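Q: Residue numbers (our numbering): 1157 to 1264. One structure, pasted below without further comment.
Below you can see the structure in the form of structure tokens.
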């Protein structure tokens, strides 16, 4: 997340999710959602993991540094969330939802 010269976050607390969504949309063109968790199925220990999808639901390939930065920024905005469970950040409306709840809504 960007910071001012004083070291405080550049985003005000009330508009932080929306500003984060705008920054991530600029950083990752075509991204619609970012799924973040500390459980990467390819790792045996907690490991920061992000999956980016476009509007059609197709996974976008990202470099490891970009995926890590995006995931870290999201974690910093919501530090109180249980990141062992995956959460999805929607860039369109700047909301964070537990990924299993998103899947349950689609199945209805």
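Every residue gets a Cβ at the ideal spot worked out from N, C-alpha and C, and that includes glycine. Remember, it's a predicted structure, so these values are computed and weren't measured experimentally.
Helix, strand or coil for residue 1225 per DSSP?
A: It is helical.
Q: With 16 other CB atoms within 10 Å as the buried threshold, where does residue 1243 fall?
A: So residue 1243 counts as buried.
Q: So for residue 1233, helix, strand or coil by DSSP?
A: Here residue 1233 sits in helix by DSSP.
Q: Using 8 Å for Cβ pairs, my map puts residue 1177 next to residue 1250. What's the rounded Cβ distance?
A: About 4 Å; that satisfies the 8 Å criterion.
Q: Using three-state DSSP, classify residue 1241 as helix, strand or coil.
A: Coil.
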